[in-house]
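Heads up, the thing below is written out as structure tokens.
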Amino acid sequence: MENKGGIFNAIMDLGELLLQSGAEVNRVEDTVKRMGLAYGFTRVDVFSITSNITASAHLPEGTVLTQTRRVLQYATDMNKIEKINHLSRRACASPIKEEDLAREVENIQQTKGYNEWVMFFNYGMVSGAFSVFFGGTVADGITAFLCGLILRLAVRLARKIGLKTIVLNFFASAAVGISALGFIALGLGEHMDKIIIGNIMLLIPGILLTTSLRDMINGDLVTGIMGLGDAILRSLAISFGFALVMTWFGGGIL
615 MENKGGIFNA IMDLGELLLQ SGAEVNRVED TVKRMGLAYG FTRVDVFSIT SNITASAHLP
675 EGTVLTQTRR VLQYATDMNK IEKINHLSRR ACASPIKEED LAREVENIQQ TKGYNEWVMF
735 FNYGMVSGAF SVFFGGTVAD GITAFLCGLI LRLAVRLARK IGLKTIVLNF FASAAVGISA
795 LGFIALGLGE HMDKIIIGNI MLLIPGILLT TSLRDMINGD LVTGIMGLGD AILRSLAISF
855 GFALVMTWFG GGIL
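So the sequence shown is numbered by this note's numbering: it starts at 615 and just counts up by one.
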């Protein structure tokens, strides 16, 4: 006889991992419910918001299993979301044994992201490209590239010391502002605004804003409003970080 408690725990692990990877709550709830029904639960009730998932699963004999998961950190990881979707579809079509399901969930959890050197290079390249795209010169692009490297270093340091996202964005934007001023003073760049714009694009919570609006359209108003508020606060933190640096060290706001 299958261990329904272990299966339910593995299903909740998948739901939690979806939330941590930036999936919309509608996808999380649908995945947990479909997998629960596929594994023989007669009824599955799921409620999820950005930072929490609660589910109850009913067994044929009347036993009810309930779990709540608190999600403190989340980011966008499309690779993990894709793997979870693939696993859930396979499990719904042909239920996997408990130990195999738990092992596959653990493998997805341990999926590594990009190499740190690749991330540094990506930050620099994207910053430089956006700087030139918005009207900057080649010199501005090179300077934005260097600021992008510093931005990645600041983000990595902030995460290492445990700063929350809003404070992290403030710290990172201030670090970029100071580095941009320093490079301009050394004569490496020409247009401060173009350099900063290139780096701002890496911090703007565009995916979070889009997901929150989609949640509200889908009827998940609580989650949508929470996501929208989070996106607004992050944007304000980014603005305040740059504005503070420019006011204190740059002679005024751009």
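For glycine and all other residues, C-beta sits at the position ideal for the given N, C-alpha and C.
- If you draw a 10 Å sphere on the C-beta of M692, you find fewer than 16 other C-beta atoms in it, and that means exposed.
- DSSP places A669 in the strand class (E or B) of the three-state scheme.
- Bounds of the alpha helix (DSSP H) holding T861 are 835-863.
- When the beta-carbon positions are compared, L765 and R773 stay at least 8 Å from each other.
- Rounded to the nearest whole angstrom, the CA to CA distance from M733 to G742 is 14 Å.
- Taking F622 as reference, the option from L632, E643, Y653, E638 with the minimal CA-CA separation is Y653.
- Nearest to F759 by alpha-carbon distance, out of I809, N729, S787, I839, is I809.
- In this structure, F856 and S787 form a Cβ contact; the two beta carbons are roughly 5 Å apart against a cut-off of 8 Å.
- P819 counts as buried, since no fewer than 16 other beta carbons sit within 10 angstroms of its beta carbon.
- Every alpha helix (DSSP H) stretch that sits fully inside the stretch 716-758 and reaches 4 residues is listed by chain position as 730-747.
- Spatial neighbours of D754 in its own chain (CB-CB distance under 8 Å, excluding positions within 5 residues in sequence) are listed in chain order as S745, V746, G803, E804, H805, K808, I809, G812.
- Non-local beta-carbon contacts of A845 in its own chain, meaning distances under 8 Å to residues more than five positions away in sequence, involve P819, L822, L823, S826 in chain order.
- Around the beta-carbon of L800, fewer than 16 other beta-carbon atoms lie within 10 Å, marking it exposed.
- In the structure shown, D691 falls within a coil segment according to DSSP collapsed to helix, strand and coil.
- Look at F661 here: in three-state DSSP terms it is strand.
- Here V685 carries a coil assignment [DSSP, helix/strand/coil].
- Residue state for T656 is assigned as coil, using DSSP reduced to three classes.
- Contact check for V642 against S662 passes: the beta carbons are separated by less than 8 Å.
- In the assembly as shown, K694 is a buried residue. Its beta-carbon has 16 or more other beta-carbons within 10 Å.
- Your pair V740 and I792 does not check out as a contact, with CB atoms roughly 20 Å apart and the cut at 8 Å.
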